[in-house]
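The block underneath contains the structure these notes are about, expressed in structure tokens.
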Amino acid sequence: MRVYKVKNYDEMSRKAANLIAAQIITKPDSVLGLATGSTPVGTYKYLVEKYNNGDLDFSEVKTANLDEYKGLTRESEQSYYYFMYNNLFKDINIDLNNTNIPDGTEPDSEKECARYEAVVESMGGVDIQVLGLGHIGFNEPADEFPKTTHCVDLTESTIEANKRFFADVNDVPRQAYTMGIKTIMSAKTILLLVSGADKAQILHDCLCGPIVPQVPASILQLHGDVIVIADEAAMSKF
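Residue numbering for the sequence shown follows our numbering, beginning at 70 and increasing consecutively.
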């Protein structure tokens, strides 16, 4: 595990974008595992900037996103497809047919989870998986580590945390499709991005605490190639 302590969110984002860019330049048909949320937004902005400067070509890149709310269409402003399209895909030359996100409109959970797991496997696995910290994907604290793509019943704390993105708390989906821990851990490289003092304790628990399913990201201690980029505030417990 390599841990890089950086000054702030912007430096974290820039360094992450540089690492992803190096992956694409080295292997133009790379499979990128992507995440949503506020943490990777800056990284995506820097990747778009590199593309606009002529430094990156996404034409052969394939992507697989961690998760998606069950019940939301791609057109929903709160769907993760909408997030990815507006924060990255629309501004680069990626073939949208090569972008993969669980289908939130599929009501049959077993069918969709099997389909998405097969999609990831068909691409030969993920070369570099971007993760934020808290949960990894929608893998909630549990009694065991879920292995493959599955449907999660979101906890009240997750629903509460996400209600700010919706007009009403009742609009927040109660379930989501997410890659499982085994699927995430199958990525060749994992890039964990952490910013802010509110993430300091969970980062310490993940890197230094026991490996337990109640702290899903603690499993990353067992991965052979994890790169952590964390700002000073997030590293304050070390």
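Backbone N, C-alpha and C define an ideal beta-carbon position, used for all residues, glycine too.
Neighbourhood of residue i by C-beta, 6 angstroms cutoff - its chain only, sequence neighbours within 5 removed
| i | result |
| --- | --- |
| Phe-234 | Gln-147 |
| Thr-258 | Ile-197, Asp-294 |
| Cys-182 | Thr-218, His-219 |
| Ser-255 | Gly-194 |
| Val-297 | Val-72, Leu-261 |
| Glu-129 | Pro-97, Asp-98 |
| Gln-283 | Pro-210 |
| Met-304 | Lys-74 |
| Asn-167 | Lys-131 |
Buried/exposed call for residue i, threshold 16 Cβ in 10 Å
| i | result |
| --- | --- |
| Lys-325 | No information on residue 325 is available, as it lies outside the stretch 70 to 307 that the chain covers here. |
| Cys-277 | exposed |
| Ile-288 | buried |
| Asn-121 | exposed |
| Phe-127 | buried |
| Ser-191 | exposed |
| Ala-187 | exposed |
| Asp-300 | buried |
| Val-238 | exposed |
| Gly-111 | buried |
| Ala-91 | exposed |
| Thr-132 | buried |
| Leu-165 | exposed |
| Asn-156 | buried |
| Lys-76 | exposed |
| Ile-94 | exposed |
| Ala-236 | exposed |
Nearest to residue i (by Cα), restricted to the options the options
| i | options | result |
| --- | --- | --- |
| Pro-109 | Asn-134, Val-189, Val-72 | Asn-134 |
| Thr-252 | Ala-230, Glu-144, Leu-116, Thr-218 | Thr-218 |
| Leu-200 | Ile-89, Thr-95, Asp-212 | Ile-89 |
| Asp-172 | Met-248, Val-75, Pro-210 | Met-248 |
| Phe-307 | Val-297, His-273, His-292 | His-273 |
| Gly-206 | Ala-85, Lys-96, Thr-105 | Thr-105 |
| Ala-245 | Pro-282, Leu-202, Ala-236, Glu-179 | Glu-179 |
| Thr-81 | Ser-305, Ile-296, Gly-123, Leu-262 | Note on identity: in this sequence residue 81 is Met, with Thr being the wrong assignment. For the residues Ser-305, Ile-296, Gly-123, Leu-262, the minimum Cα distance to Met-81 belongs to Leu-262. |
| Ser-145 | Asp-212, Pro-242, Lys-74, Thr-168 | Pro-242 |
| Ser-107 | Ala-230, Asp-177, Asp-240 | Ala-230 |
Cβ neighbours of residue i in the same chain (closer than 7 angstroms, five flanking residues each side left out)
| i | result |
| --- | --- |
| Ile-170 | Asn-134, Glu-137, Tyr-149, Tyr-150, Met-153 |
| His-204 | Pro-285 |
| Arg-143 | Tyr-150, Tyr-151 |
| Ile-250 | Asn-208, Phe-214, Pro-215, Lys-216, Pro-285, Ile-288 |
| Ala-86 | Thr-112, Tyr-115, Leu-116, Lys-119 |
Per-residue DSSP class, three states only, for residue i
| i | result |
| --- | --- |
| Leu-291 | helix |
| Val-221 | strand |
| Lys-114 | helix |
| Ile-14 | Given a span of 70 to 307 for the chain in the structure shown, any question on residue 14 remains unanswerable. |
| Glu-144 | coil |
| Val-189 | helix |
| Asn-77 | coil |
| Arg-243 | coil |
| Ile-262 | Correcting the residue identity first, residue 262 is Leu in this sequence and not Ile. Leu-262 falls in the strand class under three-state DSSP. |
| Ile-298 | strand |
| Ala-303 | coil |
| Asn-122 | coil |
| Lys-216 | coil |
| Ile-197 | strand |
| Ile-280 | coil |
| Lys-251 | helix |
Contacting residues, own chain, Cβ-Cβ under 8 angstroms from residue i (five flanking each side not counted)
| i | result |
| --- | --- |
| Gln-290 | Met-70, Cys-275, Leu-276, Ile-280 |
| Tyr-78 | Gly-111, Ser-264, Gly-265, Asp-300 |
Beta carbon proximity, residue i to chain B, threshold 9 angstroms
| i | result |
| --- | --- |
| Pro-176 | This model lacks chain B altogether; it includes just one protein chain. |
### Query
Any contact of the region 191-198 with the region 98-109, i.e. 3+ C-beta pairs under 8 angstroms?
Yes, the region 191-198 touches the region 98-109.
Review point. How about the region 152-162 and the region 255-268: do they share at least three Cβ pairs that are nearer than 8 angstroms?
Key: Contact fails between the region 152-162 and the region 255-268, because fewer than three Cβ pairs, one in each stretch, are under 8 angstroms apart.
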